[in-house]
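Inspection log for the structure reproduced underneath, given as structure tokens.
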Amino acid sequence: MSMRHSPRPIGNNSTERIDAVVGSHNRWGLRGQKGNSIQDHPMIAAFGKLRHEIAVIRDIRAFDALNFLTPFLLVIQAKGTAAPITVLALGALRKFLAYGFICSDSPRFALAMQSLSAAVTHCQFDISDASQGEVVLLMILNLMEDMMSGPGGHILSDESVCDMMGRGLAICSQPRFSAVLRRTAEAAMVRMCQIIFEDVKHLELGSSDDGHDVERQVQNDLLNGLKIEEDTACSFENPTSDTAQSAILGHEQSLSNPDNGNHFETASTQRANNIESDQIIEDIDSVDLKPYSLPSVRELFRVLVNFLDPNDRQHTDTMRVMAMRILHVALEVSGPFIARNPALATIAEDRLCCYLFQLVRSDNMPVLQESLIVTGTLLATCRGILKLQQELYLSYLVACLHPTVQIPREAGIDPSLYDGIPETSKVVKPPVSQSGSGRATPVSVKHRQSLGMEGGTRKPDARQAMVETIAVLSRMPTFVTELFVNYDCDVDRSDLCEDLIGLLSRNALPDSATWSTTSVPPLCLDSLLRYIQFLAERLHDPPAYDGLPDPDHLREQRRRKKIIVKGIGKFNEKPKSGLEYLGAQGIIADINDPAEVAKFLKGTSRTSKTVLGDFLSKRGNEAILKAFLDLFDFSNKRVDEALRVLLETFRLPGEAPLIASIVECFSEKYCADDTPNDVANKDGVFILTYAIIILNTDQHNPNLKSSKRMSFEDFARNLRGQNDGRDFSLEFLKAIFDSIKCNEIILPDEHDNKHAFDYAWRELLVKTEAAGDLVICDTNIYDADIFAVTWKPVISTLSYVFMSATDDTVFARIVSGFDECARIAAKYRNTEALDQIIYSLSYMSTLAMINSFSTSLNTEIQVGHGSVMVSELAVKLGRDFRAQLATLVLFRVITGNESLIRRGWKQDFDFIKVHSLLHTIANLPQHVVDQTADVISSGFVVCTDKPSALRNEMMKSPDFWSILRLLAKTRKSSSSVFSILKSSVSGSPPAISADNYEATIGLLGYFASASADLDALATPSDTNLPSSGLKHKIKVDDAAVGRGCEAINTLQGMTSRVPHLMQQSRLESNEGAQEWTAIFSGVLFPLIQMLLRPEVFSLDRDGMGEMRIQAASLLCKVFLQYFVLLSQWEGMLDLWVRLIDIMDRLMNSGQGDTLEEAVRENLKNVVLFMIRSGCLVSPATSPSKQTLWDETWKRVDRFLPDLRQDLASESAGNLQGGERCHSEDESAEVDGKSNGIFAVDDVNSEENLFRK
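Quick note: the sequence shown uses full-length UniProt numbering, first residue 1, plus one each step.
Structure below.
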């Protein structure tokens, strides 16, 4: 006998431990109230009998499984059993299952499992200690999970599974339990549901099964008691027994009677309970047991879905999150099976989608995240039956996520690179037009966003969660293809493929992180690249056509759809014009046939309801109105119900005569369809319809107080005697009154309440059958059309991100995307897309960038027997990894696709030929230039008249300016050269940069001087001109003078560009002292020394004094500007001494008191600043500063002997060895002047600063 199957080590130990605990626990005394021995207790006797029976068993598997479990089942079912005893019994049962004491070979194994399930789900115990109670519940959960995952799980009945799932949901749903218990229960439920749905997904419906047969079987199961009570799942009331108490809440009644201080229970009572338990077992034994199957799964699925109802206040958000987690596992395991099974599919496509689509509007992040996850899994596994549901869901996400702001125009990026990115989506509807007729209460789009009727502003975390959902769906290779085939090619559906790609393109731009999170742009970019990757992977797959729509037919549908959309747009603006356009395009066969027009207007949902109502009621359109109403069926409908159906298709006009025409026609149609019992004739219908419209306005007018609204008595009184002289039935009027009062007659898309969503959902379900199932498209036969629709936003996004990104990994991925786009375009011969790819790559390669490169430093290097020209452009390209990638892919795209390139050749030759062409022209002989000057100049005008990469490249070339200088000397081309010069200076944007500024000034100077020397424009033979030639020469001379004057004005305006050009300086930001101190040694000191020369003084004697004052002030300001850096420089003393010497020479230059006073004040400010900054201090205070102190006053005292005394009076004690006057505020002022050149204020401002 194997030890594994021996009952003695474990079976006896389990029974003995329970006996011991029962005997010692205060719930069970040694004797009962009548003096009976505890051994007479039925449960104790049952354990003794079990020990006796298994003592002689050699193989425990041969022992009756039900008899083996019975004593333990009695313990866990007995009322008021102490929690520790229940824990022991449950632990023993888990061991029996784990060690195989009961298995499929055991007699009555199926009955034992059913009995165990019934006992566990009806477990009752005394919860004196809450912590002990939770231990029992944990053991129950573990035991149920063992039962489902063990060898007996597949033989449990539908009733057992429903009871076990109800108990598990009950534990998960109790908020008063600890979070640990609830999450453990949730994990156990997830595991059990995974097992259940994994087993049941292998069930296949027979050929005779259909949705109606399955539904009838489900209804029979419910009638027979197969049901998980939702109230039980939330409140723990026992679902099957009226007398048995709940295992969890039963402690409130199972505790001892307050009048009785002990906890004893008579043996007779226990025997009664045992008899009841035996009766349950006998009942189970008599039942024909069948393993669980579809009915229990359907019931479990139904209950889990009902937890999600957002309008059921009994269910909390925590419970909804729990239910969604369980449903998510069920969908992952058996989603396709759910879609194939009519009973489950009905729940999924109706209530599950309805509840989920409302939960995704929640602002509660856990609810939102879980609902998005479940919805994504539902669409991924069951989307074949959810065509219209998927459209509604994705349309909402697009409306929420598509930014409403314009794409930022960043400097340095050509706007044409991102023109293809849509700034709005097609699914976002304009606000509903609101008439003033008072027959409805339309609300703004803002209020309707809460219902999901429109997209709304969501928080950044919510946006990220939504984008993640779209990213998950886009990972399916056929997802975008299915959107295109099922929606974009359907006249009545949205363009979801275009909108989704546009959404991803717009949100892939870096600025989308400002209203979402930084994770959103990478997610969207990854989804776009994955979409392109899927297209590229299918390029060489064999086409599959079986069971799929014909591509040509879909193209024709798309063509018709575009016409209809355009025509309805015209109709909404001007109905007659729209109908004429639709008739001309063949959409309406005959616009003169009222039936054809009415059929089209009723069959489309794109028309404006207000415009349609005005059109139908307009005089002259009576025939169309009658034909429109003939399309309705009002039979077996009450008047208000028929009117509601009619007014859901259009909005009543605001004028009474127009309303009357519609009501009159409605009355005739209503009476023609049916003979109403409660209305005498069409006149009665007319009057009643008007009364209903007035009642609707009265009951739902927001400006009317409740006390002044019409009552039923008022409504009935107004209609007294209006039914062909008789009164309407009060019951009939009461039904109408209540219907209108509770549910306003209005266009559903103008509602802001639950009725709107309910109506929209009902309409969606009605259209589901007509729309058909979603076509799954695992093929490449539509890829050419999809790429033709989506390539513009994709390529624009890749270009924009490439130009703005900084990560080499991003560069590599985008370049790979460009390569795949080029291969797709070449495969499907999309020349427009290929041209745009070439343009984008050529721009990104920097070979055609707008930014200018200096060509003044070009160096020719000898390499072997030849030479290589090294330019800044070449160096920059060699250092730019992304430009190299773009250049590499550019030539790969061009190679092999030469026959498909159209517009792209222009970009290719722009950066390849521009350098050699200009160099060739510049080296032409002068006489050749003279003969071809007009041709060359006119070509230059064409190349430079508009901002472009070619113009920028030409403007930065020295050869270009050399050619212009040559052409300027020729009379017939000088005007064209000056025109080019003006456009480059005054254009938008101007083409002047630091590289060509000098050349521009030189050429302007040439035109200015040429006007003073007119002989420069004349040939030697011009001196002997006849009178007619003289007149022509005067005209030419006048033109040259005009150009000269204009050149002078332009030269004056060019000075304003100097600061901007200085910002383009390519000097390093961390230059050494030798570079930034050169402003003193190379500029300021030589300038003042030149001003001190006698020969310079003689040029302007009157203004020289003022000029020297300005120079002295400038020198002191610049010194203060760089003072912080100078104080840390070792050459500061020499520079300071030289500055004092310069000021000494200016002081003694003999220019009068004005100059002397200015020099004194400037030097005084500098010295005072140095003192207060702690740089110029007495040796007594800082011995290290003695040299600077001595050298300063030795030189200053020579020409300003009283300056020290003046400073001493302002800074008392500081010059005599006292404390330094250097506050924190002054230090901040010093630090704030460490950057820039001319940031120091004027002298007077400095004085005010020093004297704070």
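We treat Cβ as the ideally placed atom computed from N, Cα and C, and that holds for glycine. From a predicted model like this one, the values you see are computed outputs, not experimental measurements.
Item checked: Same chain only: Cβ atoms within 6 Å of Leu579, ignoring 5 sequence neighbours per side -> Ile591
Notebook entry, point to check: Anyone know if the C-beta pair for Glu370 and Arg320 falls short of 9 Å?
Noted result: yes
Notebook entry, point to check: How long is the line joining the alpha carbons of Asp511 and Asn142, rounded to whole angstroms?
Noted result: 51 Å
Checklist line | Which residues DSSP lists as bridging Thr610, in chain order | finding: None, per the DSSP bridge assignment.
Check: Where does Phe125 sit, in a helix, a strand or coil, going by DSSP?
Finding: strand
Margin query: Check for me: the alpha helix (DSSP H) holding His755 runs from which residue to which?
Written below: 754-771
Notebook entry, point to check: Could you give the residue range of the alpha helix (DSSP H) that holds Gly335?
Noted result: 317-340
Margin query: Contact defined as beta carbons within less than 8 Å: I believe Ile568 pairs with Asp640. What is the distance between those atoms, to the nearest angstrom?
Written below: Actually they do not touch by this definition, with Cβ atoms about 30 Å apart.
Item checked: When Asp783, Leu774, Ala680, Pro702 are compared against Phe732, the one with the closest alpha-carbon -> Ala680
Next item on the list: Spatial neighbours of Ile1001 within its chain, please: CB distance less than 8 Å, with the 5 preceding and 5 following residues excluded, ordered by chain position.
Entry: Leu1051, Met1054
Note to self: Short of 8 Å in beta carbon distance, which residues of its chain neighbour Asn572, apart from the five on each side in sequence? Order them along the chain.
What the structure shows: Gly578, Thr607, Ser608, Val611
Note to self: What does DSSP give as the partner residue(s) for Ala82 in the beta ladder?
What the structure shows: Asp126
Notebook entry, point to check: In terms of residues, what are the limits of the alpha helix (DSSP H) holding Ala994?
Noted result: It is not in any alpha helix (DSSP H) - Ala994 carries neither H nor E in the DSSP assignment.
Notebook entry, point to check: What do you reckon, are the CB atoms on Leu625 and Ser617 nearer than 9 Å?
Noted result: yes
Notebook entry, point to check: Who are Asn723's beta bridge partners in DSSP?
Noted result: Arg726
Margin query: Just to confirm the assignment, what range does the alpha helix (DSSP H) spanning Ser635 have?
Written below: No alpha helix (DSSP H) holds Ser635; DSSP gives it neither H nor E.
Next item on the list: Count the C-beta pairs between the stretch 1141-1149 and the stretch 1201-1210 that are closer than 8 Å, then say yes if the count reaches three, no if not.
Entry: no
Check: From this set, Leu1139, Ile195, Leu1207, Gly48, which residue's C-alpha is nearest Asn67's C-alpha?
Finding: Gly48
Item checked: Pick from Asp698, Leu1133, Ile587, Asp550 that is closest to Lys562, judged by C-alpha positions -> Ile587
Next item on the list: Provide the residue span of the alpha helix (DSSP H) that contains Val305, from first to last.
Entry: 294-306
Next item on the list: Enumerate in chain order the residues of its own chain whose CB-to-CB distance from Gln699 is below 8 Å, with the five nearest sequence positions on each side excluded.
Entry: Arg709, Met710, Ile740, Lys741, Glu744
Checklist line | Given Phe600 as reference, the closest of Leu924, Leu582, Pro793 once Cα atoms are compared | finding: Leu582
Note to self: On the CB-based measure, 16 or more other CB atoms within 10 Å of its CB, does residue 1262 come out buried or exposed?
What the structure shows: The shown model of the chain, from 1 to 1252, leaves out residue 1262, and the question about it has no answer.
Item checked: Three-way DSSP call (helix, strand, coil) for Phe628 in this model -> helix
Check: By the 10 Å Cβ neighbour count, where 16 or more other Cβ atoms means buried, how is Phe881 classified, buried or exposed?
Finding: exposed
Item checked: Residues of its chain near Gln557, where Cβ-Cβ distance is below 6 Å and the 5 sequence neighbours each way are ignored -> Cys489
Checklist line | Beta-carbon spacing of Gln132, Ser160 below 9 Å | finding: no
Notebook entry, point to check: Considering only residues of the same chain and omitting the five flanking positions on each side of Ala130, which have a CB-CB separation below 7 Å?
Noted result: none
Checklist line | Beta carbon proximity, Gly939 to chain D, threshold 9 Å | finding: No chain D appears in the structure shown, which is made up of a single protein chain.
Margin query: Along the chain, where does the alpha helix (DSSP H) containing Ala680 start, and where does it finish?
Written below: Careful: Ala680 lies outside any alpha helix (DSSP H) and carries neither H nor E.
Notebook entry, point to check: Are Cys1175 and Ser1127 touching if we call contact CB-CB under 9 Å?
Noted result: yes
Item checked: Of the residues Pro1179, Arg51, Leu1168, the one placed nearest Leu1207, counting alpha carbons only -> Leu1168
Notebook entry, point to check: Would you say Gln174 and Leu764 are within 9 Å of each other, going by their C-beta atoms?
Noted result: no
Notebook entry, point to check: In whole angstroms, what separates the C-alpha of Arg313 from that of Phe307?
Noted result: 10 Å
Note to self: I'd like to check one pair, Ser796 with Leu417: are the Cβ atoms closer than 9 Å?
What the structure shows: yes
Next item on the list: Give me the Cα-Cα distance between Lys1033 and Ala1039, rounded to the nearest whole angstrom.
Entry: Unreliable placement is indicated for Lys1033, whose pLDDT of 47 sits below 50; the coordinate value is still reported in the next sentence. Whole-angstrom Cα-Cα distance: 10 Å.
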